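Participant:
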Amino acid sequence: MSDTLLRVEDLCVDFPTESRRGRRRSVRVLDHVSLEIERGETLALVGESGSGKSMTALSILQLIPEPGRATAGEVLLEGRDLLALRESEIRAVRGNRVAMIFQEPMSSLNPVLTIGRQVAEPIRLHRKASKAEARERAAELLEAVSIPDAARRLDDYPHQFSGGMRQRVMIAMALACEPDLIIADEPTTALDVTVQAQILALLKDLTSRLQSALLLITHDLGVVARYADRVSVMYAGRIVESASAGKLYGNPSHPYTRGLLQSVPRLDDSAQTRLVPIDGQPPDLANLPTGCAFSPRCPQVHDKCRLERPELDSVVAATDDGPHTRACWGPEQP
Amino acid sequence: MQAYLLRRLLALVPTLLLTSVIVFLSIRLIPGNVIDLMLSQNDVSTVQDRASIEAALGLDEPLFLQYFKWIGGVLTGDLGRSLWRGTPVSEQILARLPISIELGLLAMFVALTVAIPTGIYSAIRQDTLGDYVARSFSLVMLAVPSFWLGTLVMVFPSVWWRWSPELEYTPFFQDPATNLSHMLVPAILLGLSLSAVTMRMTRTMMLEVMRQDYVRTARAKGLSESVVVLGHALRNGLIPVVTLIGLQAPLLIGGSVILEQIFMIPGMGTLLLEAVSQRDYPVVTGVFLVVGVSVLLINLMVDLSYGFLDPKVRHQ
Ligand SMILES: Nc1ncnc2c1ncn2[C@@H]1O[C@H](COP(=O)(O)OP(=O)(O)OP(=O)(O)O)[C@@H](O)[C@H]1O
Ligand SMILES: [Mg+2]
């Protein structure tokens with residue numbers, strides 16, 4: 004039996020927009036998103052910019068920015084619905100059982116507080132540790148994320164750290180209470196390519212040592228191939244394909260996934276292989292087509308795709324490494 | 120740090136010299152001069168009288184010479200003597216300055232205790248009824264001059280309830296309670312009028328800061344909203360507000376000149392107005408000099424306080 008840590012089911016998030024002629028309208032930013040993460044596993048969430056990856060992450064901890072609301076669905080952490088928790092209850096989960104790392108290391112740390120204080124904060128809060136204990140633990144954590152001379156840098160401020168160092172600090176902060184789940188929202192996008200690999204390797208290493216699960220959000224499929232156990236692909240606020248990393252690479256079934264894979268340069272590719280970008284523009288969530296949201300850009304579109312929206316449950320050939328689902332009317336093989 | 124401080128203080132010198140020239144000349148350009156005033160009180164006004172008084176007061180010399188004599192004195196700590204009383208100007212100023220500083224500090228205290236909590240509240244309850252009330256109140260305080268409010272406070276309570284604010288000045292060290300009860304009403308009026316801009320600035324800055332990524336990080340750690348606002352956001356939001364406090368120093372001083380008059384407080388403002396109406400040139404220039412120095416020092420202190428609030432500045 005699988006050991007499910009987090010199960011997101013049919014999560015919908017709406018943002019109210021300007022009411023026109025007295026009628027309230029809203030944009031559906033997440034549309035029946037479902038995910039599952041097992042204890043200790045790494046799930047990658049991929050998709051173009053604006054597809055709703057960050058929103059999914061924020062919803063898990065009830066951190067959706069105003070005026071957005073989760074209007075339907077459940078976020079079950081070991082069976083307990085996080086969306087139904089009261090403010091004080093969800094606060095006990097944040098930073099403790101589920102921790103987050105954000106995309107922007109330069110702006111995600113408070114510029115006027117010392118690194119030591121910021122790393123120690125969740126320990127003092129959730130572990131009720133004394134100031135001295137928390138400080139000691141903060142030094143250990145900074146050491147664990149390979150910050151040289153960690154103990155002496157506790158009293159430094161964020162501006163004295165480089166971007167890569169700050170992201171290490173963010174990782175230390177996220178690990179502070181040894182969470183069951185770490186959500187890393189594009190943790191390396193803002194960093195130099197050379198630093199990216201180090202940070203990801205560090206993240207992967209530390210999460211596996213703590214046996215924490217990792218929800219790794221990225222739009223870089225190269226990253227996915229190396230670090231993820233399973234992958235969910237998002238498009239226009241929906242999950243369009245979900246499979247083990249191996250299956251997804253070897254046997255992508257949704258035309259959007261295939262498009263994404265083709266647009267990524269591969270290390271083993273010969274130099275003359277051309278990068279194929281996906282045609283067309285990312286969709287406007289306020290004006291989605293009636294049928295499949297990808298249909299205007301899909302190379303294999305047919306009539307049914309424009310009329311009816313495909314659901315995720317169409318199971319592709321059964322596999323031994325977990326289910327492989329997709330939301331598409333087209334043939335399973337191109 | 121000390122070198123920096125010294126450099127900053129030296130940089131004040133040209134500004135002060137320029138101010139002194141302007142003040143020195145402008146008071147002498149006001150129509151009606153001190154000799155006329157003195158003579159008009161004595162009925163006897165012969166040409167000889169006029170000349171002898173002028174000579175005695177040193178007003179017969181060319182302006183630039185008077186200026187150099189005066190500024191020379193200032194540099195050695197001598198602000199001259201009052202034309203009317205003959206006492207040293209510095210003595211008069213020293214007697215009045217603490218009173219004005221007390222009023223200023225009280226007003227600043229009122230301004231900040233009103234403005235900062237209200238500004239924070241308004242920001243975190245953006246577009247609620249409370250926010251509208253706070254913003255409307257600050258607009259009113261911005262629009263209504265404090266001397267008008269001062270007059271209202273003098274007139275209406277006495278008409279309605281036969282109550283009027285204390286108007287007898289008691290030195291603080293003689294009877295602190297009576298002194299404070301006298302100073303409090305003008306301090307509140309002055310403070311409220313200063314709080315308007317500070318409150319709006321605090322609100323704007325808090326709204327800005329609450330959108331920052333590090334506030335989201337703080338929430339994601341599980342901190343309560345009050346720790347997020349007061350522990351993480353506020354210090355960032357206050358950095359620009361502190362600048363504003365420095366910029367408001369002239370307003371504070373200007374406002375207290377008028378309120379000291381209305382509430383009969385014998386501070387620098389009262390001294391200045393007396394001196395101007397008597398054309399007591401050395402007193403007027405002396406007061407302006409002290410005010411100018413104070414404004415510049417307040418702004419210097421504001422600049423220095425950045426170091427405490429903003430670690431980036433501290434490490435430069
Ligand atoms: N405050 C908001 N109000 C209205 N719509 C919003 C708001 N924030 C985000 N959205 C919309 O939600 C959608 C999903 O945004 P999200 O940030 O989750 O995308 P993403 O997949 O993380 O993209 P990226 O790769 O750029 O980070 C976007 O289309 C965006 O326009
Ligand atoms: Mg994002």
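From first to last, the protein sequence lines are chains A and B. Add 3 to a position in the first sequence, counting from 1, and you land on the number used in the numbering used here. Add 119 to a position in the second sequence, counting from 1, and you land on the number used in the numbering used here. C-beta: ideal position from N, C-alpha, C; glycine also. This one's a predicted model, so the numbers in the text were calculated from it and none came from an experiment.
#1: With C-beta atoms as the reference, is P258(A) less than 7 angstroms away from C308(A)?
#2: What first and last residue would you give for the beta strand (DSSP E) that runs through L415(B)?
#3: With C-beta atoms as the reference, is E51(A) less than 7 angstroms away from R10(A)?
#4: Is the beta carbon of D188(A) less than 7 angstroms from the beta carbon of S54(A)?
#5: Within the chosen definition, does the stretch 393-409 of chain B reach the stretch 138-154 of chain B through at least 3 CB pairs nearer than 8 angstroms?
#6: What residues are listed by DSSP as bridge partners for D17(A)?
#7: P108(A) by DSSP, collapsed to three states: which one?
#8: For the structure I just gave you, are there three or more beta carbon pairs, one from the stretch 295-305 of chain B and one from the stretch 194-213 of chain B, closer than 8 angstroms?
#9: In its own chain, which residues sit with a C-beta less than 7 angstroms from the C-beta of M324(B), not counting the 5 before and 5 after it?
#10: Report yes if the CB atom of I118(A) is closer than 7 angstroms to the CB atom of A177(A), and no otherwise.
#11: To the nearest angstrom, report how far apart H162(A) and L194(B) are at their CA atoms.
#12: Please go through the same chain and pick out, in chain order, the residues whose beta-carbon is closer than 6 angstroms to the beta-carbon of A253(B), but skip the five residues on each side of it.
#13: Tell me the DSSP bridge mates of P207(B)?
#14: Is there a C-beta anywhere in chain A that falls below 7 angstroms from the one on Y333(B)?
#15: Can you tell me whether P68(A) sits near ligand 1, meaning its C-beta is under 6 angstroms from at least one heavy atom of the ligand?
#16: I need the straight-line Cα distance from D183(A) to Q121(B), nearest angstrom please.
#17: For the beta strand (DSSP E) holding L46(A), just list the boundary residues, first then last.
#18: What are the boundary residues of the beta strand (DSSP E) that includes I185(A)?
#19: Taking a Cβ distance cut-off of 9 angstroms, strictly less, list which residues of the stretch 107-131 of chain A are near chain B, in chain order.
#20: Could you name the residues of chain A that S343(B) contacts, counting a contact when the two beta carbons are closer than 7 angstroms?
#21: Rounded to whole angstroms, what is the Cα-Cα separation between V153(B) and V259(B)?
#22: I think L203(A) touches Y230(A), with their Cβ atoms under 8 angstroms apart; what is that distance to the nearest whole Å?
#23: Between the stretch 422-435 of chain B and chain A, which residues of the former have CB atoms less than 9 angstroms from a CB of the latter, in chain order?
#24: Count the CB pairs spanning the stretch 120-127 of chain A and the stretch 330-347 of chain B that are closer than 8 angstroms, and state whether there are at least three.
#25: Of the residues that make up the stretch 56-72 of chain A, which ones have a beta carbon closer than 8 angstroms to any beta carbon in chain B?
#26: Using a Cβ cut-off of 7 angstroms, which residues of the stretch 352-366 of chain B contact any Cβ in chain A, in chain order?
#27: Just verifying my parser: in three-state terms, what is the DSSP assignment at Q275(A)?
#28: Provide the residue(s) that pair with D223(A) in DSSP beta bridges, ordered along the chain.
#29: Using DSSP with H/G/I as helix, E/B as strand and the rest coil, what is I40(A)?
#30: What separation, rounded to the nearest whole angstrom, lies between the Cα atoms of R433(B) and F427(B)?
#31: Anything in chain B within Cβ reach of R97(A), meaning under 8 angstroms, just list it in chain order.
#32: Would you tell me roughly how many angstroms separate the C-alpha atoms of S257(B) and W282(B), rounded to the nearest one?
#33: Can a CB atom of chain B be found closer than 7 angstroms to the CB of M103(A)?
#34: Might you give, ordered along the chain, the residues of its own chain that have their beta carbon closer than 8 angstroms to the beta carbon of A274(A), omitting 5 neighbours on each side?
#35: How many Å lie between M168(A) and T134(B) at the Cα?
#36: By alpha-carbon positions, which one of G225(A), R212(A) and L206(A) ends up nearest to L218(A)?
Facilitator: Considering the structure as presented:
#1: If you number the first sequence from 1, residue 258(A) lands on position 255. If you number the first sequence from 1, residue 308(A) lands on position 305. With contacts defined as CB atoms closer than 7 angstroms, P258(A) and C308(A) fail to qualify as a contacting pair.
#2: The residue you call residue 415(B) lines up with position 296 of the second sequence. Counting along the chain, no beta strand (DSSP E) covers L415(B); the unbroken alpha helix (DSSP H) around it starts and ends at Y400 to L428.
#3: As a working note, residue 51(A) is residue 48 in the first sequence. As a working note, residue 10(A) is residue 7 in the first sequence. No, the Cβ-Cβ distance between E51(A) and R10(A) is not below 7 angstroms.
#4: Numbered from its first residue, the first sequence carries residue 188(A) at position 185. Numbered from its first residue, the first sequence carries residue 54(A) at position 51. The answer is no: Cβ separation not under 7 angstroms.
#5: The stretch 393-409 of chain B, when compared against the stretch 138-154 of chain B, does touch it at the 8 angstroms Cβ threshold.
#6: Mapped onto the first sequence, residue 17(A) falls at position 14. In DSSP, D17(A) forms a bridge with R31(A) and R72(A).
#7: Sequence index remark: in the first sequence, residue 108(A) carries index 105 (1-based). P108(A) falls in the coil class under three-state DSSP.
#8: In short, these stretches do not touch, since the Cβ pair count stays below three.
#9: Position 205 of the second sequence holds residue 324(B). Setting aside the 5 residues that flank it on each side, M324(B) is surrounded in the same chain by G356, P359 and V360, each with a C-beta closer than 7 angstroms to its C-beta; the list follows chain order.
#10: Working through the first sequence from its first residue, we reach residue 118(A) at position 115. Working through the first sequence from its first residue, we reach residue 177(A) at position 174. The Cβ atoms of I118(A) and A177(A) lie no closer than 7 angstroms to each other.
#11: Within the first sequence, numbered from 1, the residue matching residue 162(A) stands at position 159. Within the second sequence, numbered from 1, the residue matching residue 194(B) stands at position 75. Going by the C-alpha atoms only, they are around 44 angstroms apart.
#12: Residue mapping note: residue 253(B) aligns to position 134 of the second sequence, counting from 1. Excluding five sequence positions before and after A253(B), the CB atoms of its chain that fall closer than 6 angstroms to its own CB belong to T237 and S241, given in chain order.
#13: What you label residue 207(B) is simply residue 88 of the second sequence in a count that begins at 1. Answer is R200(B).
#14: For the purposes of this step, residue 333(B) is identified with residue 214 of the second sequence, where counting begins at 1. Chain A contact via Cβ: present.
#15: Position 65 of the first sequence, counting from 1, holds the residue named residue 68(A). Because some heavy atom of ligand 1 lies under 6 angstroms away, the Cβ of P68(A) counts as near it: yes.
#16: Stepping through the first sequence from its first residue, residue 183(A) is reached at position 180. Stepping through the second sequence from its first residue, residue 121(B) is reached at position 2. Taking the straight line joining both Cα atoms gives about 52 angstroms.
#17: Residue numbering aside, residue 46(A) sits at position 43 when the first sequence is read from its first letter. For L46(A), the enclosing beta strand (DSSP E) has its first and last residue at T45 to V49.
#18: As a first step, residue 185(A) is located in the first sequence; it is residue number 182 there, counting from the start. Segment L184 to D188, the beta strand (DSSP E) holding I185(A).
#19: Those would be E107, M109, S110, S111, L112, N113, P114, V115, L116, T117, Q121, E124, P125, L128 and H129, in chain order.
#20: For the purposes of this step, residue 343(B) is taken as the residue at position 224 of the second sequence. Neighbours of S343(B) on chain A, chain order: R94.
#21: Residue mapping note: residue 153(B) aligns to position 34 of the second sequence, counting from 1. Residue mapping note: residue 259(B) aligns to position 140 of the second sequence, counting from 1. Straight-line Cα distance between these residues: approximately 41 angstroms.
#22: On the first sequence, residue 203(A) is found 200 positions in, with the first residue counted as 1. On the first sequence, residue 230(A) is found 227 positions in, with the first residue counted as 1. About 6 angstroms separates the two Cβ atoms, so the contact holds.
#23: Those residues of the stretch 422-435 of chain B placed with their C-beta closer than 9 angstroms to a C-beta in chain A are L428, D429, P430, K431, R433 and H434, ordered along the chain.
#24: Touching, yes.
#25: Residues L64 and L66.
#26: Cβ contacts with chain A come from R354 and N355.
#27: For the purposes of this step, residue 275(A) is taken as the residue at position 272 of the first sequence. Note on Q275(A): pLDDT 48, under 50, position unreliable in the model; the coordinate value appears next. Correct three-state label for Q275(A): coil.
#28: On the first sequence, position 220 is the one that residue 223(A) refers to. Answer is none; D223(A) lacks a bridge partner.
#29: The residue labelled residue 40(A) in the question sits at position 37 within the first sequence. I40(A): strand per DSSP, three-state reduction.
#30: Looking up residue 433(B) in the second sequence gives position 314. Looking up residue 427(B) in the second sequence gives position 308. Each residue's Cα considered, the two are about 7 angstroms apart.
#31: Taking the first residue of the first sequence as 1, we reach residue 97(A) at position 94. What R97(A) touches in chain B: R338, A339, K340 and G341.
#32: Stepping through the second sequence from its first residue, residue 257(B) is reached at position 138. Stepping through the second sequence from its first residue, residue 282(B) is reached at position 163. About 27 angstroms.
#33: Indexing the first sequence from 1 puts residue 103(A) at position 100. Yes, its Cβ sits closer than 7 angstroms to a Cβ of chain B.
#34: Locating residue 274(A) in the first sequence gives position 271, counting from the first residue. Low local confidence applies: a pLDDT of 48 at A274(A) is under 50, so the model's placement there is unreliable, with the coordinate-based value given in what follows. Contacts found: none.
#35: Position 165 of the first sequence, counted from the first residue, corresponds to residue 168(A). Position 15 of the second sequence, counted from the first residue, corresponds to residue 134(B). In this structure, the alpha-carbon of M168(A) lies about 45 angstroms from that of T134(B).
#36: Position 215 of the first sequence holds residue 218(A). With distances taken between Cα atoms, L218(A) lies closest to L206(A).
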